[in-house]
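As structure tokens, the structure follows; a few thoughts come after it.
In mature numbering (1 follows the signal peptide of the UniProt record, and there is no 0), the protein residues as written are -27 to -1, 1 to 855.
Spelled out as structure tokens, the structure:
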């Protein structure tokens, strides 16, 4: 990346309070509706969270809907389940005791078998089971020396774990009246209370009281602290649970206790600590595939995807049928952007378990986000066949249908999601939060299927508050909102034609556009190639080329379809309309066309590089550059409070060290961060050295050592006006330069030479730079709610083609064009950087006689029809160059 010409400034040494950075854990409610855990918690989607599986004891619903991330759950996570009493139970050595089914269905017993065994067992049989447990030494904490007392403890445990927790509680309570100092009895009764369900506050309180009493009787017994931690965690007291586990580990460090503490740290998103605990657990006992799996999850959540992949591969090597690890390995590859490897893992997982709902959900999501909505739809339908009320699959079914133009089926599925209204106090799911916007946009799109796309404006038609809240991903609460009309029966859904139904000329155009779109793909971890994006934006670039050529032929008389003067926003809108049809879930809206109150307040684009203990994989390649830039800007600040601060800053190697130095030398114990910002130099007012606000870099921390290192752009009304003025000036300059070139220098003559009479090579090189200057300011402004980056690159490619210059090079691996624009420091540096990889060539004659995109695909219907084509297959056939 070119560093020359970088401009920056210190916005302020603004120190941020950590109070708004972390949220406390919720306490336990008096009672939780059993439906409360039905909805998927997807709060960590943007943090690349792997979906995980919930394991809970019989009769219990966890207080906070936290989900486990393992194929094999912890050895114990609530009380003394028979699969949890001792490792022998879990390893299957109790197979001769057919009635003692564990919660995990060990020893070949199903839940139905367990239920039949537990319905009405004879007391004598229970006594026999208890005797077997004692004989095998599987009842913890029984060493009284009194065989009768030990037998009663074992009998109480068997009662609790064969579906009779109330009888177990009565048994232990009677026992404790005569023997109030027997710790094992408090453990047994506390576990029985937990079996009744911790969603009831009274059960949680009584269980805690029993384990606390056990601790008072012997403060050096590690088992009591460990058991109390198991109660504290699911009722929202994770910090207290970790304190108890700390004590237990100090008293007696075991692999199991490190693992349990690791899982608590994992659920609290303290992934570094969780990783350390899982490693210590494996040091104590290396033969723990479930712990190794959790280690992979912790590493994954920290953003170290390649390291996580190696760990999951080792898990699978040890157990080739570990389905959860296989799926999670597929998810890692998906996040890395490796479609083929991700699909291979998801397919393998479904071969091993073809009834797993999440397996179809994962694979369907991969299909959809790689631009294959038809394949995605088939997987989501299988998901719903197995689990009809699965909300993520319901939502994605509706989304996939709308994407391909099947609006009737799409809105039907979306309405089902809307009926899943959250109960009071329940967290709203991401699907429920987004579905209202999707349904309204689907209705709008359906109503405009036959209208020429150039004759209406989404930004002008949609309700302002609707757009504002959609762009901000807020719950829909627009007052006095008038819904979009329902589907009109006279407007049919989209029916995708065979590719062969297009004329050969149109087929060639589409395939060449598809190959053009592939040149826009980022080869960066975190970006999944999307064939629908390639098709849409390739056609958009071709339409930009054709539109720019037409405009440059007659710039004074060329008008928009609305009869207005054609200017820079109109050429970008050509790409915007295609970007909107890629994914109806994503609002691609002009921010300056939002309601006045929102424009006045401004919009912030947040790009977290490090949040807490998670490194954003998408920006990891720019982390070192951005950190060094932050140091450089701070050191250039003239009012640093300490004379030796520059030297100390220069020695820092990471965000934690830089933040600590700034806090120590700031002179205030309450300062938790700072903010600096870059300058974007003006070309229009270059002689006056005028600059605009560019990127803001924020570094802050909290009392637990969590870091927030982010990049932000504040799209304020003033800043937007400045950038618009700059782009208008550049647009007019391009138009003037084209006119200077002679009779239509902007259009490509039939011979494909790229230069019309009067256009010198120097003229064209100047125009190439000026076009790249235009998109440089667009990148830095980020004027769209979504898609600014690909829209900018599309316009650049299309305008360069109109000039007679064809982009033939791919974006280099590790490069993101928007990041290059925001960090290079000047439009000249950016242009030089981008031209190096664009590898501009004289425009090939193949582009000069193609049909007009806007005439071939004038409506949303025709645009969706072509985006629905399988161009990977169609364009690879002979005669359709790919």
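Each residue gets a CB set at the ideal place from its N, CA and C atoms; glycine is no exception. Keep in mind that this is a model prediction, so the values were computed, not measured.
Check the DSSP bridge columns for residue 493 and list the partner residues they point to. Start at 1 with the first residue of the chain shown, and residue 493 comes out as number 520. Beta-bridge pairing links residue 493 to no other residue.
Distance between residue 468 and residue 322 (C-alpha atoms, nearest Å): The residue you call residue 322 lines up with position 349 of the chain shown. The residue you call residue 468 lines up with position 495 of the chain shown. So the two alpha carbons sit approximately 33 Å from each other.
Consider the C-beta atom of residue 647 and the heavy atoms of the ligand NAD; say whether any pair is separated by less than 7 Å. Ligands are entirely absent from the displayed structure, and the ligand NAD is therefore not among its contents.
Does DSSP put residue 680 in a helix, in a strand, or in coil? As a first step, residue 680 is located in the chain shown; it is residue number 707 there, counting from the start. In this structure, residue 680 counts as strand in the three-state DSSP scheme.
DSSP puts residue 109 in a beta bridge; with which residues? Taking the first residue of the chain shown as 1, we reach residue 109 at position 136. In DSSP, residue 109 forms no bridge with anything.
First through last residue of the alpha helix (DSSP H) which encompasses residue 859: Because the chain is modelled from -27 through 855, residue 859 falls outside the range shown and cannot be assessed.
Can you tell which of 546, 670, 129 has the C-alpha that lies nearest to the C-alpha of residue 761? For the purposes of this step, residue 761 is taken as the residue at position 788 of the chain shown. Nearest option by C-alpha distance: 546.
Within-8 Å CB hit, residue 450 to chain B: Although the question refers to chain B, the structure presented lacks it and comprises just one protein chain.
Which two residues bound the contiguous beta strand (DSSP E) that contains residue 583? Position 610 of the chain shown, counted from the first residue, corresponds to residue 583. First-last of the beta strand (DSSP E) with residue 583: 576 to 585.
Any contact between the stretch 597 to 616 and the stretch 315 to 335? By contact I mean 3 or more CB pairs, one from each, below 8 Å. no
Could you tell me whether the stretch 520 to 540 touches the stretch 811 to 821, where touching means 3 or more Cβ pairs closer than 8 Å? no
Which class does residue 192 belong to by DSSP, given the choice of helix, strand or coil? Locating residue 192 in the chain shown gives position 219, counting from the first residue. Residue 192 falls in the coil class under three-state DSSP.
Between the beta-carbon of residue 224 and the beta-carbon of residue 202, is there less than 8 Å? Working through the chain shown from its first residue, we reach residue 224 at position 251. Working through the chain shown from its first residue, we reach residue 202 at position 229. Judged by their CB atoms, residue 224 and residue 202 are not nearer to each other than the 8 Å cut-off.
Hey, residue 415 and residue 383 are a contact pair by Cβ (cut 8 Å); roughly how many whole angstroms apart? For this step, residue 415 is matched to residue 442 along the chain shown. For this step, residue 383 is matched to residue 410 along the chain shown. Contact holds; Cβ gap of about 6 Å.
Enumerated in chain order, which unbroken segments of the beta strand (DSSP E) with a length of 3 residues or greater are wholly contained in the stretch 645 to 693? 646 to 654, 664 to 674, 680 to 688
Looking at the structure shown, is residue 225 part of a helix, part of a strand, or coil, going by DSSP? Counting from one through the chain shown, the residue named residue 225 turns up at place 252. Residue 225 falls in the coil class under three-state DSSP.
Helix, strand or coil: how does DSSP classify residue 534 here? Taking the chain shown and counting its residues from 1, one reaches residue 534 at position 561. Three-state DSSP puts residue 534 in coil, outside helix and strand.
Identified DSSP bridge partners for residue 601: For the purposes of this step, residue 601 is identified with residue 628 of the chain shown, where counting begins at 1. Beta-bridge pairing links residue 601 to no other residue.
Excluding the 5 residues preceding and the 5 following residue 521 in the sequence, name in chain order all residues of the same chain whose CB lies nearer than 6 Å to its CB. For this step, residue 521 is matched to residue 548 along the chain shown. 772, 775.
Rounded separation between residue 664 and residue 651 - CA only: Position 691 of the chain shown holds residue 664. Position 678 of the chain shown holds residue 651. Their backbone Cα atoms lie some 10 Å apart in a straight line.
By Cβ distance, which residues of its chain are closer than 7 Å to residue 419, with the 5 residues on each side in sequence left out? The residue given as residue 419 occupies position 446 in the chain shown. Beyond the five residues adjoining it in sequence on each side, residue 419 comes within less than 7 Å, by CB distance, of 380, 460, 464 in the same chain, given in chain order.
Reference residue 337; option with closest CA among 328, 319, 743: Indexing the chain shown from 1 puts residue 337 at position 364. Here the closest residue by C-alpha is 319.
contact_flag[the stretch 472 to 490, the stretch 839 to 852] where n(CB pairs < 8 Å) is 3 or more: yes
Could you say which of 498, 620, 355 lies nearest to residue 788 if we only look at CA atoms? As a position in the chain shown, residue 788 is number 815, starting the count at 1. Per the Cα distances, 498.
Three Cβ pairs or more, each shorter than 8 Å: is that satisfied between the stretch 541 to 560 and the stretch 358 to 378? yes
Taking C-beta to C-beta, are residue 102 and residue 131 nearer than 8 Å? On the chain shown, residue 102 is found 129 positions in, with the first residue counted as 1. On the chain shown, residue 131 is found 158 positions in, with the first residue counted as 1. Yes, the Cβ-Cβ distance between residue 102 and residue 131 is below 8 Å.
Taking C-beta to C-beta, are residue 199 and residue 168 nearer than 8 Å? Position 226 of the chain shown, counting from 1, holds the residue named residue 199. Position 195 of the chain shown, counting from 1, holds the residue named residue 168. Contact flag unset, no.
Using C-beta distances below 6 Å, list every residue in its chain close to residue 811, excluding the 5 sequence neighbours before and after it, in chain order. Position 838 of the chain shown holds residue 811. So the qualifying residues of the chain are 780, 782.
Start and end of the alpha helix (DSSP H) containing residue 829? Counting from 1 along the chain shown, the entry for residue 829 is found at position 856. It spans 826 to 829 - the alpha helix (DSSP H) in which residue 829 sits, taken as one unbroken run.
May I have the straight-line CA-CA distance separating residue 451 from residue 625, to the nearest angstrom? The count along the chain shown starts at 1 and reaches residue 451 at position 478. The count along the chain shown starts at 1 and reaches residue 625 at position 652. Residue 451 and residue 625: Cα-Cα distance of roughly 48 Å.
Cβ-Cβ distance between residue 221 and residue 204 below 8 Å: On the chain shown, residue 221 is found 248 positions in, with the first residue counted as 1. On the chain shown, residue 204 is found 231 positions in, with the first residue counted as 1. Not closer than 8 Å, so no.
To the nearest angstrom, how far is the alpha carbon of residue 746 from that of residue 755? Taking the chain shown and counting its residues from 1, the one referred to as residue 746 is at position 773. Taking the chain shown and counting its residues from 1, the one referred to as residue 755 is at position 782. Going by the C-alpha atoms only, they are around 14 Å apart.
Whole angstroms is fine: what's the gap from residue 274's alpha carbon to residue 137's? Translated into positions along the chain shown, residue 274 becomes position 301. Translated into positions along the chain shown, residue 137 becomes position 164. Taking the straight line joining both Cα atoms gives about 40 Å.
Which residues mark the beginning and the end of the alpha helix (DSSP H) in which residue 500 is found? The residue you call residue 500 lines up with position 527 of the chain shown. From DSSP, residue 500 is part of no alpha helix (DSSP H); its letter is neither H nor E.
Report yes if the CB atom of residue 618 is closer than 8 Å to the CB atom of residue 672, and no otherwise. Here residue 618 refers to the residue found at position 645 of the chain shown. Here residue 672 refers to the residue found at position 699 of the chain shown. No.
Sequence-distant residues of the same chain with beta carbon closer than 6 Å to residue 355, five excluded per side: Here residue 355 is taken as the residue at index 382 of the chain shown, counted from 1. If we look at residue 355 and ignore the five residues flanking it on each side, its Cβ neighbours are 333.
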